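*Asks:*
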Amino acid sequence: MKTIVTKSYDEMSKTSADFFESEIRNNPEIVIGLATGSTPVGTYKELVRRHMEKGLDFSRVKSFNLDEYLGLSGDNPNSYRHFMNEQLFNHINIDKNNTHVPEGLTEDPKAYGEKYDQMITESGGIRIQLLGIGSNGHIAFNEPDDELPLGTGLVELSEQTIEDNARFFQSIDQVPTQAISMGMGSIMKAEKIIILASGEGKAEVISKLLNSGKVTSRIPATFLLLHPDVTLICDEEAYSGVSR
Ligand code: F6R
Numbered sequence: 170m171k172t173i174v175t176k177s178y179d180e181m182s183k184t185s186a187d188f189f190e191s192e193i194r195n196n197p198e199i200v201i202g203l204a205t206g207s208t209p210v211g212t213y214k215e216l217v218r219r220h221m222e223k224g225l226d227f228s229r230v231k232s233f234n235l236d237e238y239l240g241l242s243g244d245n246p247n248s249y250r251h252f253m254n255e256q257l258f259n260h261i262n263i264d265k266n267n268t269h270v271p272e273g274l275t276e277d278p279k280a281y282g283e284k285y286d287q288m289i290t291e292s293g294g295i296r297i298q299l300l301g302i303g304s305n306g307h308i309a310f311n312e313p314d315d316e317l318p319l320g321t322g323l324v325e326l327s328e329q330t331i332e333d334n335a336r337f338f339q340s341i342d343q344v345p346t347q348a349i350s351m352g353m354g355s356i357m358k359a360e361k362i363i364i365l366a367s368g369e370g371k372a373e374v375i376s377k378l379l380n381s382g383k384v385t386s387r388i389p390a391t392f393l394l395l396h397p398d399v400t401l402i403c404d405e406e407a408y409s410g411v412s413r
């Protein structure tokens with residue numbers, strides 16, 4: 170895992186946008202993997218700016234998002250589809266038909282998950298995948314457990330994740346307890362992975378990730394240590410636990 174430590178959240182976001190810009194310019198028909206949450210907001214802002222000011226062209230780009238809350242429709246303001254439209258898709262020239270966010274209203278998450286993975290494969294696979302990291306080490310919604318799912322499907326959110334994500338909802342009781350999430354295998358198939366971390370709240374998990382020297386399903390992000398092309402971009406605060 171390569172690590173880039175930046176002075177600030179803004180610099181982290183620009184560095185992450187640099188990776189995406191260069192990949193998109195290199196292959197305008199690229200398939201990209203996207204994440205939601207607070208961390209990638211600055212990356213999306215920067216990609217929107219580059220689209221508007223530098224003509225970065227998304228017209229032939231395809232995207233797949235990591236996850237969606239089960240039970241939320243795409244027009245629910247708390248859904249990840251809504252988040253992606255607001256933060257990125259509505260402001261660039263991507264064809265929405267080429268953007269994929271798992272369907273939160275699916276009645277058959279197992280079959281739907283298999284179909285989602287198949288769509289990724291049929292599109293040629295993800296060239297560059299953006300990830301955040303949960304304070305408990307989750308990636309997408311693959312939560313710490315004895316076993317981790319390989320493919321996309323239904324997952325239960327951990328109490329920690331429900332608490333962490335309550336800030337987006339009016340009350341903690343409104344946070345969905347289940348989601349459709351890309352599995353560990355689906356994520357590890359991406360050719361290149363960019364994982365972002367920002368702020369004190371991620372310092373402990375980043376130090377565990379970088380100092381452990383082990384892979385453990387109790388910190389799902391450690392599986393990324395097995396991938397040949399992962400870059401962690403984190404600000405100084407998130408990195409501050411590594412040498413402590
Ligand atoms: C989001 C996702 C999650 C987040 C993680 C960090 O699509 O899959 O794994 O990346 O929970 O969230 P933030 O960025 O809000 O700290």
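Numbering (my numbering), first residue to last: 170 to 413. Even glycine gets a Cβ: it sits at the ideal position worked out from N, Cα and C. Quantities reported herein were computed from a predicted structural model and do not represent experimental measurements.
If we ignore side chains and look at the alpha-carbon of each, how far apart do Arg-219 and Thr-208 end up?
*Replies:* The residue given as residue 219 occupies position 50 in the sequence shown. The residue given as residue 208 occupies position 39 in the sequence shown. Answer to the nearest angstrom: the Cα atoms are 19 Å apart.
*Asks:* Sorry if obvious, but does the Cβ on Gly-322 come closer than 8 Å to a heavy atom of the ligand F6R?
*Replies:* Within the sequence shown, the letter at position 153 stands for residue 322. No.
*Asks:* Do Tyr-178 and Asp-333 come within 9 Å of each other at the CB atom, strictly closer than that value?
*Replies:* What you label residue 333 is simply residue 164 of the sequence shown in a count that begins at 1. What you label residue 178 is simply residue 9 of the sequence shown in a count that begins at 1. No, the Cβ-Cβ distance between Asp-333 and Tyr-178 is not below 9 Å.
*Asks:* Can you name the start and end residues of the beta strand (DSSP E) that Ser-350 belongs to?
*Replies:* Numbered from its first residue, the sequence shown carries residue 350 at position 181. Element bounds for Ser-350: 347-350.
*Asks:* If Gly-293 sits next to Ile-349, beta carbons under 8 Å apart, how far is it from one beta carbon to the other, in whole angstroms?
*Replies:* For the purposes of this step, residue 293 is taken as the residue at position 124 of the sequence shown. For the purposes of this step, residue 349 is taken as the residue at position 180 of the sequence shown. Gly-293 to Ile-349, Cβ: 22 Å. No contact.
*Asks:* Using beta-carbon positions only, say whether Asp-236 and Ala-335 come within less than 9 Å of one another.
*Replies:* Locating residue 236 in the sequence shown gives position 67, where the first residue counts as 1. Locating residue 335 in the sequence shown gives position 166, where the first residue counts as 1. Their beta carbons are not under 9 Å apart, which means Asp-236 does not touch Ala-335 by this criterion.
*Asks:* Measure the Cβ-Cβ separation of Ile-295 and Gly-202 and say whether it is below 9 Å.
*Replies:* Sequence index remark: in the sequence shown, residue 295 carries index 126 (1-based). Sequence index remark: in the sequence shown, residue 202 carries index 33 (1-based). Yes, the pair counts as a contact, with Cβ atoms nearer than the cut-off.
*Asks:* Which of the three DSSP states, helix, strand or coil, is assigned to Ala-366?
*Replies:* Along the sequence shown, read from residue 1 onward, the residue named residue 366 stands at position 197. Reduced to three states, the DSSP call for Ala-366 is strand.
*Asks:* Reducing DSSP to helix, strand and coil, say where Asn-245 ends up.
*Replies:* Counted from its first residue, the sequence shown places residue 245 at position 76. Looking at Asn-245 - three-state DSSP - the assignment turns out to be coil, as it is neither helix nor strand.
*Asks:* DSSP three-state call for Glu-325: helix, strand or coil?
*Replies:* Here residue 325 refers to the residue found at position 156 of the sequence shown. In this structure, Glu-325 counts as strand in the three-state DSSP scheme.
*Asks:* Can you tell which of Tyr-213, Arg-194 and Val-200 has its C-alpha closest to the C-alpha of Lys-183?
*Replies:* What you label residue 183 is simply residue 14 of the sequence shown in a count that begins at 1. Comparing Cα positions, the closest option is Tyr-213.
*Asks:* Under the criterion of a Cβ to heavy atom distance below 8 Å, does Lys-214 qualify as lining the ligand F6R?
*Replies:* As a position in the sequence shown, residue 214 is number 45, starting the count at 1. No - the ligand F6R has no heavy atom lying nearer than 8 Å to the Cβ of Lys-214.
*Asks:* I'd like to confirm something about Asp-404: is its beta-carbon nearer than 8 Å to some heavy atom of the ligand F6R, or not?
*Replies:* Against the sequence shown, residue 404 aligns to sequence position 235. Incorrect: Asp-404 has no Cβ contact closer than 8 Å to the ligand F6R.
*Asks:* With a threshold of 8 Å (Cβ to nearest heavy atom), would His-307 be considered close to the ligand F6R?
*Replies:* Translated into positions along the sequence shown, residue 307 becomes position 138. Yes - the ligand F6R has a heavy atom lying nearer than 8 Å to the Cβ of His-307.
*Asks:* Using 8 Å as the cut-off, classify the Cβ of Tyr-249 as near or not near the heavy atoms of the ligand F6R, replying yes or no.
*Replies:* Indexing the sequence shown from 1 puts residue 249 at position 80. Because some heavy atom of the ligand F6R lies under 8 Å away, the Cβ of Tyr-249 counts as near it: yes.
*Asks:* Taking the straight line between their C-alpha atoms, what separation do you get for Val-230 and Glu-192?
*Replies:* Residue numbering aside, residue 230 sits at position 61 when the sequence shown is read from its first letter. Residue numbering aside, residue 192 sits at position 23 when the sequence shown is read from its first letter. Approximately 11 Å between the Cα atoms of the pair.
*Asks:* Check this for me: beta carbons of Val-449 and Thr-391, under 9 Å apart or not?
*Replies:* Residue 449 is absent from the structure shown; the chain starts at 170 and stops at 413.
*Asks:* Taking only heavy atoms of the ligand F6R into account, decide whether any of them is closer than 8 Å to the Cβ of Asn-234.
*Replies:* Reading the sequence shown from its first residue, position 65 is the one you call residue 234. Indeed, a heavy atom of the ligand F6R lies less than 8 Å from the Cβ.
*Asks:* Would you please state the rounded distance, in angstroms, between the beta carbons of Asp-286 and Ser-386? I believe it to be under 8 Å.
*Replies:* Stepping through the sequence shown from its first residue, residue 286 is reached at position 117. Stepping through the sequence shown from its first residue, residue 386 is reached at position 217. Actually they do not touch by this definition, with Cβ atoms about 20 Å apart.
*Asks:* Examine the ligand F6R and report whether any of its heavy atoms sits within less than 8 Å of the Cβ of Pro-397.
*Replies:* Reading the sequence shown from its first residue, position 228 is the one you call residue 397. The answer is no for Pro-397.
*Asks:* List the endpoints of the continuous alpha helix (DSSP H) containing Phe-188.
*Replies:* As a first step, residue 188 must be located in the sequence shown, where it is residue number 19. 178-195 is the span of the alpha helix (DSSP H), which, as asked, contains Phe-188.
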